[in-house]
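FYI, in numbering that gives the first Met the number 0 the residues of the sequence shown are 0 to 351. Every residue gets a Cβ at the ideal spot worked out from N, C-alpha and C, and that includes glycine. Since the structure is predicted, the reported quantities are computational estimates derived from the model, not experimental observations. Structure, as structure tokens:
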Amino acid sequence: MRTSPGELEMTIQQVRKRAGGNHLNRPKAPVGVSLKDAQVAWQRAGDAKNLQPKTVRWYGERSSIFVRWAAGQGIHQLQQVTPQKIQEFLHHLRHEHASGAGPKGRNGQSPKGDRRLADVTIRGSYNILQVWFRWAQREGLLRHDPMQGVEKPKVPKGQIPVATRTEVRQLTTTARQRDGYQGVRDETIVSFTFATGLRLSEVAGLTLSDIDWSSSSLRILGKGNKERQVYMGPTTRRALRNYVHKSRAALVRRFSDRDDDALFLTVHGRPMAASGITTVFRRLRSKAGIKARFHGLRHGFAAESTRRGADPFYLQEQLGHSSLDMVRHYVQKFGPDRQRKAARFDLGDLLK
């Protein structure tokens, strides 16, 4: 159930009251606002703004890592958070924190692991804290934004985990080794995602109603509830249609009492969640002996399309990017070099 603006305002007032502040006097922030109270109020604010539930959950999960770490440092109130503490937390993520999930120690820290967090994950944590503390300052819960003066973690531009054509073939071959519906479904998920560039959440959220067979297009609800149209090539359309009208249809007939529109189903006729698709992909990856991640299929689509000379604006629309920044990165890394382009588009030919 969504949080209404009135309920949100009441939550913020309660936070300020518990902290001993006057909710009518926003410029003067209360001193005793607890981190946990501020976190709960911020999540309700995201809910009230009609953010996608998975986004609100992600904000909660990543900010909880900071709350637990801060508690281990003796920091329990919003006003105790300083730029120096933010920097110490980012250092903790980079050098000590193995994973955002799993059991925590007494100091709110994860047990030592054998892998470090990716640079992009650390920057994501920075972004989430920045959104949280700016919101707290706007709502009068915080006098000064502790993120000011804290440098944003850099992510090397070369880091694009791409699933190659060879790896995708290995995955689909591995999927075919499984008999029945699951084998066809798993192969379809891999090949379809690689051929369309969809995000994991978008694949999991697809329904039969989203498919327009006549135009070979898909209605996609992407980030921020933004709707876009994505197109399939003839081969991808045939493979998807074969899955829908044969394998999926045969499964649905076994569970005729269920009327579900989801494109990808479990063996029990239920919609596959994003976590279920991730589990399937990890199993395929392990059996195939490769390291590609599911999101690498999306990057693989972008890389192969760029190599084939795809128009940047087509890529932007197909991938659902709000700007050309990421597409420009793909073009710089995977596109034809400028020497080849100069030879191809030599305008001197027009003067002959």
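Sort the options by Cα distance to residue i and report the nearest one.
{"i": "T278", "options": "D185, T234, R198, G123", "result": "D185"}
{"i": "V266", "options": "E166, R177, A117", "result": "R177"}
{"i": "Q354", "options": "Q51, D211, V80", "result": "Because the chain here runs from 0 to 351, residue 354 falls outside it and cannot be looked at."}
{"i": "S131", "options": "G204, A44, L217, R257", "result": "Residue identity differs from the one stated: residue 131 is Trp in this sequence, not Ser. The option with the nearest alpha carbon to W131 is A44."}
{"i": "S304", "options": "H294, F193, K53, L207", "result": "F193"}
{"i": "R282", "options": "L170, W212, P82", "result": "L170"}
{"i": "S213", "options": "K222, T195, G221, P233", "result": "P233"}
{"i": "Q72", "options": "Y58, H91, G148, R61", "result": "H91"}
Assuming residue i contacts residue j under a Cβ cut-off of 8 Å, what Cβ separation, rounded to an integer in Å, is found between them?
{"i": "Q317", "j": "V229", "result": "6 Å"}
{"i": "V161", "j": "A302", "result": "5 Å"}
{"i": "A261", "j": "T206", "result": "6 Å"}
{"i": "A37", "j": "L140", "result": "6 Å"}
Output the distance between the C-alpha atoms of residue i and residue j, rounded to the nearest integer angstrom.
{"i": "F263", "j": "T120", "result": "28 Å"}
{"i": "R253", "j": "R175", "result": "22 Å"}
{"i": "R297", "j": "S216", "result": "17 Å"}
{"i": "S33", "j": "L77", "result": "6 Å"}
{"i": "V39", "j": "A69", "result": "16 Å"}
{"i": "F300", "j": "E87", "result": "38 Å"}
{"i": "T235", "j": "R133", "result": "44 Å"}
{"i": "S255", "j": "V326", "result": "44 Å"}
{"i": "H94", "j": "D118", "result": "11 Å"}
{"i": "P4", "j": "V330", "result": "Caution is warranted here: a pLDDT of 48 is assigned to P4, below 50, making its placement in the model unreliable, and the coordinate value is therefore given only provisionally. Those two C-alpha atoms are separated by around 43 Å."}
{"i": "W41", "j": "H244", "result": "45 Å"}
{"i": "R292", "j": "G31", "result": "43 Å"}
{"i": "Q223", "j": "M271", "result": "This sequence places Gly at residue 223; Gln is not what is there. For G223 and M271, the distance between alpha carbons rounds to 21 Å."}
{"i": "G148", "j": "P82", "result": "7 Å"}
{"i": "Q108", "j": "T163", "result": "Low confidence applies to Q108: its pLDDT is 44, below 50, so where it sits in the model is not reliable, and the reading given next is rough at best. Rounded to the nearest angstrom, the two C-alpha atoms are 36 Å apart."}
{"i": "F333", "j": "H143", "result": "43 Å"}
{"i": "G308", "j": "V183", "result": "31 Å"}
{"i": "Q51", "j": "R168", "result": "33 Å"}
{"i": "R257", "j": "R306", "result": "44 Å"}
Are residue i and residue j close, meaning C-beta to C-beta below 8 Å?
{"i": "A248", "j": "T187", "result": "no"}
{"i": "K35", "j": "V55", "result": "no"}
{"i": "L199", "j": "I276", "result": "yes"}
{"i": "R227", "j": "G288", "result": "no"}
{"i": "Y180", "j": "S246", "result": "yes"}
{"i": "G221", "j": "L250", "result": "no"}
{"i": "T173", "j": "K286", "result": "yes"}
{"i": "P145", "j": "R122", "result": "no"}
In the DSSP output, which residue or residues are listed as bridge partners for residue i?
{"i": "Q76", "result": "S33"}
{"i": "R218", "result": "Q228"}
{"i": "A261", "result": "T206"}
{"i": "P311", "result": "DSSP, once it has assigned bridges, lists no residue as partnering P311."}
{"i": "D324", "result": "Its beta-bridge partners do not exist; DSSP assigns none."}
{"i": "P270", "result": "L264"}
{"i": "D211", "result": "S216"}
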